[in-house]
Ligand code: MLT
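Residue numbers (the numbering used here): 1360 to 1620.
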């Protein structure tokens, strides 16, 4: 594995730092609607994980979920940010579990969106590794075709689907393959949940078919004092599909009493 690398990010606003971590195979553009609104009260940093977006030149692989967490920690150090609130969607959530394991002191709070604590089953792992081979051979169009129908609720606006398609197709195929291997080998965080004392909000789309809402609710119950918010009319990408509702739950969580020590 390679040493941590500073990665690129979109930054807007001033105030306490809020770090947004995108899912697979997307990039920081997925947070456009959150950046616009949350930057009114926060210094928002939406990272482009290594190998894509403005970090596409930082493509040294293979990598792991821990590599992404370490890249974020290093990038925050370079920005002079000791602690932050973090929002992670799906793979971004797996990366927040890694940040908790490896850089707990950095975490003021967590928002786990469209994510899960458990590892892949043997079959899911084998499927991912097969998909990585296909992507390397045929490119990320394969991923767009496979994933697009599963990522959003049937009612998602065409413009959202078009944006997601663009992000998937613009992800370099090597990046997608390295991520797929990292996802396949990620550790199970289930046993950590009861020890995670950091204030946490779990947000999930009511129509997510990739990760069942019931499993997110179970995860929320296992996290001491976590809150659970179900977003109606959203599949796996509530931040894009229902931005107003997501912004409202994020703003309420970030402004709860005691949110800022
Ligand atoms: C994501 O949205 O980041 C992926 O669906 C995560 C996964 O496949 O486990």
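Glycine included, each C-beta is placed from N, C-alpha and C at the ideal position. Predicted model, so just to flag it, every value in this text is computed and none were measured.
{"query": "Look at the alpha carbon of residue 1494 and the alpha carbon of residue 1546, and state the distance between them as a whole number of angstroms.", "result": "23 angstroms"}
{"query": "Kindly indicate the opening and closing residues of the beta strand (DSSP E) around residue 1444.", "result": "1443-1448"}
{"query": "So, for residue 1417: in the same chain, excluding its five sequence neighbours on each side, which residues have a beta-carbon less than 7 angstroms away from its beta-carbon?", "result": "1364, 1366, 1409 and 1410"}
{"query": "The alpha helix (DSSP H) that contains residue 1394, what's its start and end?", "result": "1391-1397"}
{"query": "Got a list of residues with beta-carbon closer than 5 angstroms to any non-hydrogen atom of ligand 1, in chain order?", "result": "1382, 1383, 1449 and 1450"}
{"query": "Could you pull the start and end residues of the alpha helix (DSSP H) that residue 1502 belongs to?", "result": "1500-1510"}
{"query": "In chain order, which continuous runs of the alpha helix (DSSP H) of length 4 or greater are located wholly inside the stretch 1488-1571?", "result": "1500-1510, 1517-1529 and 1532-1543"}
{"query": "Quick check: the Cα distance between residue 1472 and residue 1597, rounded to an integer number of angstroms?", "result": "8 angstroms"}
{"query": "On the criterion of 16 or more Cβ atoms from any shown chain inside 10 Å, does residue 1614 qualify as buried, or is it exposed?", "result": "exposed"}
{"query": "Are residue 1585 and residue 1559 touching if we call contact CB-CB under 8 angstroms?", "result": "yes"}
{"query": "Does the stretch 1462-1481 come close enough to the stretch 1508-1525 that 3 or more CB-CB pairs lie under 8 angstroms?", "result": "no"}
{"query": "The beta strand (DSSP E) spanning residue 1370 covers which residue range?", "result": "1368-1371"}
{"query": "If you follow the beta strand (DSSP E) that residue 1383 is in, where does it begin and where does it stop?", "result": "Run containing residue 1383: none; DSSP gives neither H nor E here."}
{"query": "Taking 8 angstroms as the threshold (beta carbon to beta carbon), is residue 1380 in contact with chain B?", "result": "Reference to chain B is not applicable here, since this structure consists of a single protein chain."}
{"query": "Mind listing, in chain order, the continuous beta strand (DSSP E) runs of no fewer than 3 residues lying wholly within the stretch 1569-1604?", "result": "1586-1590"}
{"query": "How would you call residue 1588, buried or exposed, if buried means at least 16 neighbouring beta carbons within 10 angstroms?", "result": "buried"}
{"query": "Can you tell me whether residue 1468 is helix, strand or coil according to DSSP?", "result": "strand"}
{"query": "Under a three-way DSSP split, which group does residue 1476 fall into?", "result": "coil"}
{"query": "Sorted by chain position, which residues of the same chain lie with C-beta nearer than 6 angstroms to residue 1479's C-beta, five sequence neighbours on each side aside?", "result": "1543"}
{"query": "Where does residue 1532 land, buried or exposed, given buried means 16+ other C-beta within 10 angstroms?", "result": "buried"}
{"query": "According to DSSP, which residues form a beta bridge with residue 1404?", "result": "1370 and 1378"}
{"query": "On a Cα-Cα basis, can you pick out the residue from 1382, 1394 and 1362 that is closest to residue 1623?", "result": "Residue 1623 is absent from the model: the chain starts at 1360 and stops at 1620."}
{"query": "Can you give me the start and stop residues for the alpha helix (DSSP H) that residue 1424 sits inside?", "result": "1424-1438"}
{"query": "Our contact map puts residue 1384 next to residue 1502 with C-beta atoms below 8 angstroms; I'd like the distance itself, whole angstroms only.", "result": "6 angstroms"}
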